[in-house]
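Remarks on the structure that follows.
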Amino acid sequence: MCLYRNITDLATVISNISRGAVCPMSPSYLSTAVLTSDQDLYSATFTDKIGLNPMITRISADPDVKLLLGKARDSYWFNEPSFIASFELEDYVYFFLQETSVECSNCGEVITVPCCW
């Protein structure tokens with residue numbers, strides 16, 4: 001559960017969010033998160049205990065804004081990623097990650113994933 005609290009009075013809870021996909025299920029998985037100036041929480045982590053479901057999510061403090069989830073178990077998006085860092089720059093959130101390449105010169109198959117947030 002995530003709680004939004006008043007910065008001057010931490011005992012006051014402004015709102016709470018009881019959704020998963022904010023922090024990893026295991027401490028051995030690298031993850032990152034950033035709270036934007038619009039009070040949106042972007043998180044890149046694994047949503048399962050065995051590390052097969054990497055996902056980027058957006059959770060907003062505004063109840064009218066829908067939860068944004070990446071595709072679950074879609075190898076076209078991620079291939080064994082390690083999420084390193086995230087930051088906000090103007091209207092965008094950027095994620096840095098390291099992943100295993102799926103390109104192979106002798107198998108004749110190349111998969112590219114353009115990513116724009």
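Take the sequence shown: its position 12, counting from 1, is numbered 12 in the UniProt record's numbering, and each next residue is one higher.
All residues carry an ideal CB built from backbone N, CA and C; glycine is no exception.
Presumed contact (8 Å Cβ cut-off) between residue i and residue j, rounded CB distance
| i | j | result |
| --- | --- | --- |
| Ser37 | Val22 | That pair is no contact at about 19 Å. |
| Ala11 | Ser86 | 29 Å between Cβ atoms; not a contact. |
Sequence-distant residues of the same chain with beta carbon closer than 6 Å to residue i, five excluded per side
| i | result |
| --- | --- |
| Ala61 | Tyr4, Ser15 and Gln39 |
Coil, strand or helix - residue i by DSSP
| i | result |
| --- | --- |
| Met25 | coil |
| Glu80 | coil |
| residue 124 | Outside the displayed range of the chain (1 to 117) lies residue 124, so it cannot be described from this structure. |
| Glu90 | coil |
| Asn16 | strand |
| Leu68 | strand |
| Leu10 | coil |
| Ala61 | coil |
| Leu30 | coil |
Cβ-based neighbour list, residue i, same chain, cut-off 7 Å, excluding 5 preceding and 5 following
| i | result |
| --- | --- |
| Pro54 | Phe46, Phe78 and Pro81 |
| Thr100 | Asn79 and Glu80 |
| Leu68 | Thr57 and Arg58 |
For residue i: DSSP bridge partner residues
| i | result |
| --- | --- |
| Glu99 | Bridge partners of Glu99: none, in fact. |
| Pro54 | Phe46 |
Beta-carbon spacing of residue i, residue j below 8 Å
| i | j | result |
| --- | --- | --- |
| Ser31 | Phe83 | yes |
| Gly70 | Ile56 | yes |
| Gly51 | Tyr76 | no |
Neighbourhood of residue i by C-beta, 8 Å cutoff - its chain only, sequence neighbours within 5 removed
| i | result |
| --- | --- |
| Lys49 | Met25 and Ser26 |
| Ile7 | none |
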